[in-house]
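Count the sequence shown with mature numbering (1 follows the signal peptide of the UniProt record, and there is no 0) and you get residues -22 to -1, 1 to 218, in order.
Ideal Cβ positions, reconstructed from N, Cα and C, are used throughout, including at glycine.
None of the values given here were measured: they were computed from a predicted structure.
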Amino acid sequence: MANFSSFHILFFLFITSGIAVSATVFTLKNNCPYTVWPGTLAGKGPKLGDGGFQLAQGASQQFTAPAGWSGRFWARTGCKFGASGNGNCVTGDCGGLQCNGGGAPPATLAEFTLVGDGGKDFYDVSLVDGYNVKLGIRPSGGSGDCKYAGCVADLNAACPNELKVMDPQNKVAACKSACLAFNKPEYCCTGAYSTPQTCLPTNYSKIFKQACPDAYSYAYDDQTSTFTCSGANYDITFCP
Ligand SMILES: *[C@@H]1O[C@H](CO)[C@@H](O)[C@H](O)[C@H]1NC(C)=O
């Protein structure tokens, strides 16, 4: 009888510690002075938050992702949805409240590849598809490098005219990447520019990099933009 219960206790400890190391909690927080509608897209693993939801000013929401999950989060702005969730957004739009794919660029992205089980997670903030809101990723409770990743500058204010996206009130709502605006190989790292050796920073990506040194400014941006951490949870803050 004694052996039987200690087996159960050990089994229980094994199960609970297994869950503790292999699941990751994302906390999405809206510090913007307006409502945002986060969009989520899973490359691998379950869809989080039904793909998209409303997040009022000051509100936060938590999601748990299993080991091996990969995907992205972004903020949508200026959304108008009907009762059934149909409608659209000025930036980051995916065609409804709940996204079944990515959002329309330009949008600042928080990207993750979770390993779990003590391995290194990878995360970054990407401006490769452009910028719409400030975004920060803060790991908590992990081990390793675990640095803050973010784009905390107002790139809409620094956006060159030819990259600006205006909202209906004629204010700058987002800033396109040069690839999105001009669709040229040297900006998109395609064709003759499809390797890290041939796709170099441009006058446009340099504007992004100068404003946000810790974020990806173009597809083959250097390794200063990718971060790693083991066993952490992550706070993703819009307008940190
Ligand atoms: C960037 O370079 C292109 C090509 O030389 C030029 O047309 C454009 O005006 C430049 N833009 C900025 C913001 O420097």
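Contact set for L(-10): own chain, Cβ-Cβ below 7 angstroms, skip 5 residues either direction:
Model confidence at L(-10) stands at a pLDDT of 41, short of 50, so the residue's coordinates are unreliable and nothing is read from them.
Does the count of Cβ pairs from the region 145 to 161 and the region 206 to 218 closer than 8 angstroms reach three?
no
Taking the continuous alpha helix (DSSP H) assigned at A159, which residues delimit it?
A156 to F160
Do the CB positions of A34 and T13 come within less than 9 angstroms of each other?
yes
Residue burial classification, D123 (beta-carbon count within 10 angstroms, cutoff 16):
exposed
When DSSP labels each residue in this structure, what does L26 get in the three-state scheme?
coil
Check whether the Cβ of I115 lies closer than 8 angstroms to any heavy atom of ligand 1, and answer yes or no.
no
Between which two residues does the alpha helix (DSSP H) carrying K187 extend?
N181 to A189
Going by DSSP, which residues form a beta bridge with Y212?
F4 and P117
Under the rule that 16 or more other beta-carbon atoms within 10 Å means buried, what is A170, buried or exposed?
exposed
Does the distance from the C-beta atom of K7 to that of A37 stay below 9 angstroms?
yes
P16 - partner residues in DSSP beta bridges:
A53
Which term fits P11, buried or exposed, when burial requires 16 or more other beta carbons within 10 angstroms of its beta carbon?
exposed
With respect to 8 angstroms, is the separation between the Cβ of P138 and the closest non-hydrogen atom of ligand 1 below this value?
yes
Pick helix, strand or coil for A88, following the three-state DSSP scheme.
strand
Residue span of the alpha helix (DSSP H) that contains C166, given as start and end:
P163 to C166
Mind checking who D102 pairs with in its DSSP beta bridge?
E89
Measuring only the C-alpha atoms, how far is Y126 from T168?
30 angstroms
DSSP three-state assignment for S203, whether helix, strand or coil:
helix
Close beta carbons around A1, own chain, < 8 angstroms, minus the five adjacent residues each side:
T42, A43, P44, A45 and G94
Quick one: does the C-beta of Y182 sit closer than 8 angstroms to a heavy atom of ligand 1?
yes
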